[in-house]
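Written out below as C-alpha cells is the structure these notes cover.
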Amino acid sequence: MRTAHRTCPLCEAVCGLRLTLDDAEHVVSVKGDPDDPFSKGFICPKGASLGALDEDPDRLDAPMVRDDDGRWREVTWEEAFRAVERGLSGVIGAHGRQSLAIYLGNPNAHTVAGALYNPPLIKALGTRNVFSASTADQMPKHVSCGLMFGDPLAIPVPDLDRTDYLLMLGANPLESNGSLCTAPDFPGRLKALRRRGGRFVVVDPRRTRTASLADEHVFVRPGADAYLLFGIVHTLFAEGLTAVGVEVEGLDRVRELAEEFSPKAVAEACGVPADVITRLARELAAAPTAAVYARIGTCTAEFGTVSQWLVDVINVLTGNLDRPGGVMFAKTAVEIGRRSKPYATGRWHSRVRELPEANGELPVATLADEIETPGEGQVRALVTVAGNPVLSAPNGTRLDRAFAGLEFMVSVDPYLNETTRHANVILPPPPVLRSPHYDLSLLFVAVRNYARFSPPVLPPEPGRPSESEILARLAMIASGQGADADPALLDEVILDQMLRRAVQTPGSPVEGQDAAELRAGLDGDTGAERRLDAMLKLGPYGLSLAALREHPHGIDLGPLQPRLPEMVRTASGRVELAPPQLVEDVVRLRERLAAPPPEIVLIGRRHLRSNNSWLHNVGPLVGGSNRCTLQINPRDVARLGLDGHAVVRSAAGELTVPLEPTDSIMPGVVSLPHGWGHAGTTQRVAAEHAGVSVNALTDESRIDLPSGNAVFNGVPVTLAPA
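In numbering that gives the first Met the number 0, the protein residues as written are 0 to 721.
Written out as C-alpha cells, the structure reads:
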C-alpha cells in the first residue's frame, strides 16, 4: 500500500485528496486531505469516486477512427494524427480556415492542458468560429465584469469567511460545491457564517439543499432576478442607504435607471412581495459587512448580464466592493489573461445571426446555424475538446443532426458519447491520475489565496501521449507543420516569447535579466511543467514548481486583500457603474415589466453526485437523488390532471418525463436536471440510466443579448398527461 496526494479535478472546489493505492497500483480509497490548508479534509461523493472514474472500463485506451461505412476501429497514435492532418488540411484547402470551428467543454477548466494548450490550438486553427461551454454557463458574469472593471477575469467573489450577511441568488453550492466562487467545504463555510451570528438569505425558485440551510429562503420567478435586484437598488437610493467607498463613474445614471423599478413596481414580475424586497435592501445596507453572490440560475436567463451587473452595483452601493467581508478579488500565484486595454465585445460577429463575439468566442446557441447554413464561411470541420454539446447546448437535437453533416470532425475525449460518435477521429487523453494538475483557471475566483501542484499519481503509459501533447500536436497540424512535427517546439516558442516579454517589461521580477539564462533554470519533466514553473516564478508571489513540490498539501497564501486599483482596466480608471451596453438592455428589461408571465416555465438543477454529462458512467454516483425526473409542485400536478409521467412541450421540442411532485418548487415552475439523455454511447452505466435531455426543450433562438449566453432558465413549456 502507498499513499498519494492530489487536487480533485471534478468540480470548482479544488479539494485536496488523499489516495490509497494497493501493490497493483489500484486506488482502494479516496479521502479528503486533512493537511490541505484550503479544503482541510473536506470531500464530496464525486471526489470519493475518483478511483472508479479513473479505472472506468468504458474509457477509450487508444485512438479511434471511423471508417466510411461508419465502423470504428482502434489505430496507432501516428495513424490517428495523420488522419487528422488529412481531414483538416482537406477542409482548409477546399473551403478556407473560416470553415473550421472549435468547441471547448467544461472539463477544460479543470486541466493544465486545457488552460495552456487550447489558446495556441485556437490560434493555429486561424478561425473566428470559437465556441465553448462558457456561453451555456457563465458568460454574463465575464461580460458584466469586463464592462464594469475593464477585465472579464476581474470577478469579485464573496469573502465567505468574514462576511456578516450573504444574499445568494440562483446558486446551490451544497449540490454544485460552488461556481465562479472556489470554496472547498462551501457548506461548512455557510454554517460558520451563521454560527458567528451572520445572516444568510437564498433567492431561488426551488427550496434547494442550500436554501434549507439558510436563515431565509425567498421564492422568485425564474428569469426575473433582475427585477428583484433593481428593486433593491431603487430602495438603496430612495432611502439614502448608499455608502459608495470606491471611485465610480455613472452613479447618477444608475439612480435614474432605478427610479422605474421600485419594489412595488417589480413585485408582480419577480414574484417577491414589495415589503420583502425593501427589507432585503435595508438588511444589506445595515449589515457590518455584506456580499451579494449570484450564479448559474441568474446567468442562464434572458437578462443574465443585467442581473450580474446589478449584483455588483449593489455590492458597490452598500460599500462592500473590495472590502474584507464584502466581495473581493483573489490574487493567484499565476496571473493569466490580464488585459492591457479596456474590455470590448462585438469585435466580430457570427456569420448567420450576426451575434457579437465576447471573450474571443461566439455563442454556442448559434453553432448549428453556422454548420447548417450554406455560403462562404459555412462550418464544415469541427474540433471538440472535452465537450458534449449534443447534451449540454440549447436544442441539442438540432446540433446532433448538424454534426452528422460535417465533412470532418476530431474529438479529444475519453469516451465515445453523444457528440464524439459523429467524429472521424477520437483522441483519448490519459486517465486523471496519470496527469499533473494545477488549477490555472479556478483559483482566480477562490475565496482565499492558495496554490497547489499535483504531480501524476501513476506513471505515463508507454507510447501514450499526455493530453498536453495531444493538444500541442493538434496545434502543430492546424498550423500546417504536419503530423510528424515535434510538439516540444510549441512549448519552446511560447517559453521564449514569455521570457523575452518578461525581461523587457518594466517592474517585472526579471526585468533586465537574460532570457536564455532564465530558460536554462526552469524546472519540470515536460514542456507543460516548465511553462508552469516560468509562470509561477513570474507571478506575484515568486513561487516555483520546486516550491510547490516541497508542499504537496498546498500553500496557504492568505486571506483576500483589497486590490481594486490594480484590477481596474477601464478607460476612466474607475468602476463603470453604467456601461452603455447594459443601460441599453435595461430598456428591454423595462419593456418586459408589464408582460404577463408564462403559465409554466422550466428550469434546470444540479446534483451533488453529478457534473453535467460526464459523471454518469460511474456506478457509485448513480441512484438516490441523482435521477432524471421532472420536479413539479403538487398543486400543478392536480391542476393539470397529471399522474406518474407527463409530456413536456416547448418551442424547440417535447419530452415524456417521470414526475417528482414536491412542494420544494414554486407553483408554475418545473425542473429537469442537465446532462442526461444518453444515447449512442459506449458508456454502459450511463446508457442503463439514460434519462432525457433537457436540451431537447431549450430554444437556441433565445439568448441573453449582451453576452450571447443560452437561456436555460425560464423556458416556457406546457404539460399534458403522458
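Ideal Cβ positions, reconstructed from N, Cα and C, are used throughout, including at glycine.
Note that the structure is a prediction, hence the values are computed from the model and not measured.
{"Asked": "N-terminal and C-terminal residue of the beta strand (DSSP E) that S211 is part of", "Found": "From DSSP, S211 is part of no beta strand (DSSP E) but of the alpha helix (DSSP H) over 208-212."}
{"Asked": "Rounded straight-line distance, which links the Cα of T525 to that of V492", "Found": "14 Å"}
{"Asked": "Buried versus exposed, by CB contacts within 10 Å (16 or more), W613", "Found": "buried"}
{"Asked": "Residues near F711 by beta carbon distance below 6 Å, same chain, minus five either side", "Found": "T299, G603, T697"}
{"Asked": "For S663, the nearest candidate out of E11, D21, G177, V202 (CA to CA)", "Found": "V202"}
{"Asked": "Length of the line joining the Cα atoms of V66 and F407", "Found": "Sequence check: residue 66 is Asp here, not Val. Their backbone Cα atoms lie some 12 Å apart in a straight line."}
{"Asked": "N- and C-terminal bounds of the beta strand (DSSP E) containing R5", "Found": "1-6"}
{"Asked": "Whether R5 touches L18 by CB criterion (8 Å)", "Found": "yes"}
{"Asked": "Minimum C-alpha distance to A722 - residue among A385, S391, L49, C43", "Found": "This structure leaves residue 722 out entirely; the chain is present only between 0 and 721."}
{"Asked": "Contact set for H677: own chain, Cβ-Cβ below 8 Å, skip 5 residues either direction", "Found": "L390, N416, E417, S612, H615, A685, A686, H688, A689, G690"}
{"Asked": "Inter-residue Cα distance where the pair is K140 and E78", "Found": "42 Å"}
{"Asked": "Segments assigned beta strand (DSSP E), at least 3 residues, entirely inside the region 84-149", "Found": "99-103, 129-131"}
{"Asked": "At least 3 beta-carbon pairs within less than 8 Å: the region 571-579 vs the region 147-167", "Found": "yes"}
{"Asked": "Run of the beta strand (DSSP E) containing W71, from where it starts to where it stops", "Found": "71-73"}
{"Asked": "Collapsed DSSP secondary structure at F185 in the structure displayed", "Found": "helix"}
{"Asked": "Nearest residue (CA-CA) to R626, options L537, D703, G244, L658", "Found": "L658"}
{"Asked": "Cβ-Cβ separation, T207 to E258 (assumed contact under 8 Å), whole Å", "Found": "Actually they are not in contact, since the Cβ atoms of E258 and T207 sit about 33 Å apart, beyond 8 Å."}
{"Asked": "First through last residue of the beta strand (DSSP E) which encompasses A403", "Found": "No beta strand (DSSP E) contains A403, which is instead part of the alpha helix (DSSP H) from 395-403."}
{"Asked": "R638 versus E24, A719, S98, D224, residue with shortest Cα-Cα distance", "Found": "A719"}
{"Asked": "Under the three-state DSSP convention, the category G526 falls into", "Found": "helix"}
{"Asked": "Residues of its chain near T162, where Cβ-Cβ distance is below 6 Å and the 5 sequence neighbours each way are ignored", "Found": "T288, A290, G324"}
{"Asked": "Beta-carbon gap between N387 and V64 smaller than 8 Å", "Found": "no"}
{"Asked": "Neighbourhood of Y540 by C-beta, 7 Å cutoff - its chain only, sequence neighbours within 5 removed", "Found": "A332, L556"}
{"Asked": "Per DSSP, the bridge partner or partners of G603", "Found": "Per DSSP, none; premise fails for G603."}
{"Asked": "Minimum C-alpha distance to P455 - residue among F218, L441, P435", "Found": "P435"}
{"Asked": "Whole-Å CB distance - V142 paired with S700, under 8 Å assumed", "Found": "Not confirmed; about 20 Å, so no contact."}
{"Asked": "Given 8 Å, three or more beta-carbon pairs between the region 264-276 and the region 100-107", "Found": "no"}
{"Asked": "Burial state of E238 (16 or more Cβ within 10 Å)", "Found": "exposed"}
{"Asked": "Cβ-based burial, D60 [other Cβ within 10 Å; buried from 16]", "Found": "exposed"}
{"Asked": "Contact check, H606 vs P660, beta carbons under 8 Å", "Found": "no"}
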